[in-house]
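Residue numbers (our numbering): 1292 to 1615.
Beta carbons are placed, not taken as given, at the ideal position from N, Cα and C, and that holds for glycine.
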Amino acid sequence: MRKWLDRYYGRLRTIKANYVLLNLLNLRRLGHARRMLRRYGLTRSPLLPLSSAHMPKAPGDIPWLDRPDARQRLQADPRLPALPATLRQAVLDWPDKGYLILRGVFSAQEVDRVNRELQQLIDSGAVDFNFTGRKVMFAFRKSPAIKAMASDRRILDVLDLLLGRPMHVFQTINFLTGSEQAPHSDSIHMTTYPLGYLAAAWVALEPITADNGPLVYHPGSHQLPYLLNEGFAHGGGRFTIGADAYARYEEAVQRSLDSGRFTPHEFHAQPGDVLIWHANLLHGGKKMATPNASRRSMAVHYFAEDVLCYHELTQRAALIDEDH
């Protein structure tokens, strides 16, 4: 059923009962949600719809670098002087910018192995594109090369420092072309309680230029309030998710950008370069100058340890394979 939902995009995706059925078919993968609901004093079953409306009213703990004194905390941290100079400055800038760039993390051989294994999986039918026609979801479950890249300590060590907790791979998204996706925050799709304990890493798997649909991000936009379901007219009710909920969300995000406060940046990169961003940083995909131009890349999303993970827009607990 999960594969069907990944491929299908229509009215049936708006019926909450379908997600309850999906959860029933994946009880083993709800163990993490069940433990975290108890941890945060919530009596709700992970089988049922779950969103920010069901979370405790108290905001809970927040990541240490989201606090007003984040830069002072960093400057006093004994780990900072041990970092290479460029990374040290990028980490210091994280509280203000909400992103950092790591150049040349992966070798040409590592990148080539990922590209080859992904193509083999696509050709064999072991993986497929989701309803967007552009995204291959969760390929790390079937590709040793993708799993190794997603869980590489050169990324995880930085994430552990930025979030102040051990971070774990939740999902991978592989692209052969640009997403051309409108600006959004990952936290509408993958949400945590407490808020903010998610991060993403985007790996270039071939040269990324202005012409083949680079990722576009808006430095500083992570400091905006989180835009969750109750913050826009999502149109949902007790039994359904609003049919145009995501379109309404995109409109609300665009209104926040129309002020001109956040200048868009494009991530132009060489194979093996990595962009890491904050859970609430607004980002999207630039329109491709050449239609269907190749733009191999991979986005990896990470949840922090000991937080409740759920999907705000579709109002369901995250299904987590704890053996990955």
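| task | Mark Leu-1450 as exposed unless 16 or more other C-beta atoms lie within 10 angstroms of its C-beta, in which case mark it buried. | result | buried
| Cβ-based burial, Tyr-1300 [other Cβ within 10 Å; buried from 16] | Confidence at Tyr-1300 is low in this model, with a pLDDT of 49, below 50, so its placement is unreliable and the value that follows should be read with caution. Exposed.
| field | Where the alpha helix (DSSP H) containing Trp-1385 begins and where it ends | value | 1376-1388
| What three-state label does DSSP hand Tyr-1299 in the structure shown? | Note that Tyr-1299 has pLDDT 48, beneath the 50 cutoff, so the model's placement of it is unreliable and no number is given.
| If you draw a straight line from the alpha carbon of Ile-1532 to that of Ala-1324, how long is it in whole angstroms? | 21 Å
| Check whether Ala-1381 and Ala-1491 have beta carbons under 7 Å apart | no
| query | Can the beta-carbon of Pro-1485 be found closer than 7 Å to that of Gly-1351? | reply | yes
| Whole runs of the alpha helix (DSSP H) within the region 1398-1451, excluding any shorter than 4 residues | 1399-1415, 1435-1441
| Do Arg-1394 and Asp-1564 have their C-beta atoms within less than 7 Å of each other? | A contact, by the Cβ cut-off of 7 Å.
| DSSP-derived helix/strand/coil call for Gly-1575 | Look at Gly-1575 here: in three-state DSSP terms it is strand.
| field | Beta-carbon separation (whole angstroms), Ala-1501 vs Glu-1557, contact threshold 8 Å | value | 6 Å
| field | Cutoff 6 Å; reference Ser-1442; Cβ partners in own chain excluding five residues on either side | value | Val-1460
| Does the distance from the CB of Leu-1321 to the CB of Pro-1347 come in under 7 Å? | no
| query | Hey, how far is the Cα of Leu-1374 from the Cα of Trp-1355? | reply | Approximately 18 Å between the Cα atoms of the pair.
| said: Does Ser-1585 come out as helix, strand or coil in the three-state DSSP assignment? | reply: strand
| request: Take Tyr-1593 as the anchor and find which of Asp-1549, Gly-1469, Ile-1464 has the nearest alpha-carbon. | output: Per the C-alpha coordinates, the member of Asp-1549, Gly-1469, Ile-1464 positioned closest to Tyr-1593 is Ile-1464.
| Between the region 1469-1476 and the region 1571-1578, do three or more beta carbon pairs fall short of 8 Å? | yes
| field | Residue range of the alpha helix (DSSP H) that includes Tyr-1310 | value | 1307-1315
| field | Closest by C-alpha distance to Met-1458, when choosing among Ser-1588, Arg-1425, Arg-1444, Ala-1584 | value | Of the listed residues, the one whose Cα sits closest to Met-1458 is Arg-1444.
| message | Please tell me whether Pro-1505 and His-1569 are closer than 7 Å, where the distance is taken between their beta carbons. | response | no
| For Ser-1547, which option in Asp-1360, Asp-1419, Arg-1456, Tyr-1517 has the closest C-alpha, if you only look at C-alpha atoms? | Tyr-1517
| Is it right to say Gln-1330 is buried, meaning 16 or more other beta carbons lie within 10 angstroms of its own, or is it exposed? | A small correction: the amino acid at residue 1330 is Arg; Gln does not occupy that position in the sequence shown. Result: exposed.
| task | Starting from Tyr-1540, follow the alpha helix (DSSP H) in both directions and report where the run begins and ends. | result | 1536-1548
| At a Cβ threshold of 7 Å, is Leu-1365 touching chain D? | In the structure shown, chain D does not exist; there is a single protein chain.
| said: Please classify Phe-1429 as buried or exposed, where buried requires at least 16 other C-beta atoms within 10 Å of its C-beta. | reply: buried
| task | Quick one: give me the first and last residue of the alpha helix (DSSP H) that His-1475 is part of. | result | His-1475 -> no alpha helix (DSSP H), and no H or E assigned at all.
| said: Using CA atoms only, rank isn't needed, just tell me which of Tyr-1508, Arg-1335, Leu-1333, Glu-1596 is closest to Leu-1572. | reply: Of the residues Tyr-1508, Arg-1335, Leu-1333, Glu-1596, the one whose Cα lies closest to the Cα of Leu-1572 is Tyr-1508.
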